[in-house]
Amino acid sequence: MIALPGGFSYGDYLRCGAIAARSAIIPAIVAAAEAGVPVLGVCNGFQVLTEIGLLPGALMRNAGLDFVCRDVALAVGATNSAFTRGYVADERIVIPVAHHDGNYTADSDTLDRLDAEGRIAFRYAESVNGSARAIAGILNAQGNVLGMMPHPERRIEAAHGGNDGRRLFEGLLEAVSA
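With positions in the sequence shown counted from 1, the corresponding number in the numbering used here is that position plus 2.
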C-alpha cells in the first residue's frame with residue numbers, strides 16, 4: 003500500500019500538489035497503482051493524485067475562499083473497494099476536514115462517468131467547500147486508488163472523537179493481508 007498524506011507539499015505555492023507531482027518518486031507510484039497496489043491520497047495527497055492523472059478532476063479553492071477545519075458528515079457511496087468495504091452504502095459517518103483547496107471539480111462527462119461507474123466513495127452531507135456533486139472522495143476505475151479530502155486518520159479511536167475512519171484502514175489491512 004502507498005499513502006500520500008495531507009500537508010502542504012512544497013508549500014503549495016504554485017498549485018496544490020503541482021510541484022509534488024513532479025517528484026522523482028511519482029513514476030514508481032503510478033507504476034505501482036497500475037499494477038494494482040492500493041494507493042490512498044488524503045487531502046494534499048488527493049490533490050497530488052489528480053495532478054499526476056491517477057484520478058480525474060482537480061481540487062480548487064473552497065467556495066467562499068475560506069479554510070475549513072471541522073468535523074463533517076459524509077455519506078458513504080461505493081462500498082466495493084478495499085477502502086470502503088467496511089462501510090454500508092449511504093451510511094453517515096463523521097470525519098474531520100482541514101483544507102483551503104478542497105473544492106473538487108471535473109467536467110460534466112467525468113462527473114457522470116464517476117456516478118455511473120460507482121466511483122464516488124464519499125459525499126459531503128452538506129456543502130463545506132463547493133465540491134461538484136458534494137464529492138468528498140473518488141476511486142479510480144480499478145478501485146485501488148482512493149483520493150479524499152477528509153482525514154480518516156484523524157478519526158480512528160474514541161479518544162480522538164470517534165472511530166468512523168478506522169474501518170477504512172481495517173478494510174485496507176484486510177485486503178493487503180489476504
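Where a beta carbon is used, it is the ideal one built from N, C-alpha and C, also for glycine.
Secondary structure of residue i, DSSP reduced to three states
i                : result
arginine 157     : coil
proline 98       : strand
glycine 149      : strand
threonine 107    : strand
alanine 5        : strand
glycine 163      : coil
alanine 177      : helix
alanine 20       : coil
phenylalanine 10 : coil
From the options, residue whose alpha carbon lies closest to that of residue i
i                : options                       : result
asparagine 105   : Ala22, Glu172, Ile140, Arg24  : Ile140
alanine 34       : Met3, Asn64, Cys45, Val50     : Met3
glycine 47       : Ala20, Val70, Arg63, Val39    : Ala20
tyrosine 89      : Ala161, Gly8, Pro154, Gly9    : Pro154
isoleucine 27    : Cys18, Phe85, Asp111, Val50   : Val50
glycine 132      : Gly66, Arg94, Ser83, Ala91    : Gly66
threonine 52     : Ala22, Thr86, Glu93           : Ala22
glutamate 7      : Gly38, Cys18, Cys45, Leu56    : The sequence given here has proline at residue 7, not glutamate. Of the candidates Gly38, Cys18, Cys45, Leu56, the one whose C-alpha sits nearest the C-alpha of proline 7 is Cys45.
phenylalanine 10 : Ser110, Phe171, Thr81, His101 : His101
asparagine 165   : Gln144, Leu113, Ala5, Val96   : Val96
leucine 116      : Glu128, Gln144, Ala177        : Gln144
alanine 5        : Ser129, Val130, Met150        : Met150
leucine 175      : Leu57, Cys18, Gly163, Arg87   : Arg87
cysteine 18      : Ile54, Ser129, Pro29          : Ile54
leucine 57       : Ala91, Leu113, Ala30          : Leu113
Nearest-angstrom beta carbon gap, residue j and residue i [assumed within contact, 8 Å]
i            : j              : result
arginine 24  : proline 98     : Arginine 24 to proline 98, Cβ: 29 Å. No contact.
glycine 59   : alanine 123    : Not really, about 13 Å apart at Cβ, beyond 8 Å.
arginine 135 : glycine 79     : About 10 Å; that fails the 8 Å criterion.
leucine 61   : aspartate 103  : 5 Å
proline 40   : asparagine 146 : 5 Å
leucine 76   : alanine 138    : 5 Å
valine 74    : proline 152    : 6 Å
glycine 2    : alanine 84     : Lying before the first or after the last residue shown, residue 2 is absent from the chain, which here runs from 3 to 180.
glycine 120  : asparagine 64  : No, glycine 120 and asparagine 64 are not in contact; Cβ-Cβ is about 26 Å, not under 8 Å.
alanine 127  : arginine 94    : 6 Å
Checklist entry - Quick one: complete beta strand (DSSP E) runs, 3+ long, within the segment 24 to 107? => result 41 to 44, 60 to 62, 70 to 78, 94 to 101, 105 to 107
Checklist entry - Considering only residues of the segment 108 to 146, which uninterrupted beta strand (DSSP E) runs meet the minimum length of 3 residues and lie entirely inside it, listed in chain order? => result Runs found: 122 to 126, 137 to 141.
Next on the checklist: Taking contact to mean 3 or more Cβ pairs, one atom from each stretch, closer than 8 Å, check whether the segment 62 to 72 and the segment 157 to 169 are in contact.
Outcome noted: Between the segment 62 to 72 and the segment 157 to 169 there are fewer than three C-beta pairs closer than 8 Å, too few to call the two in contact.
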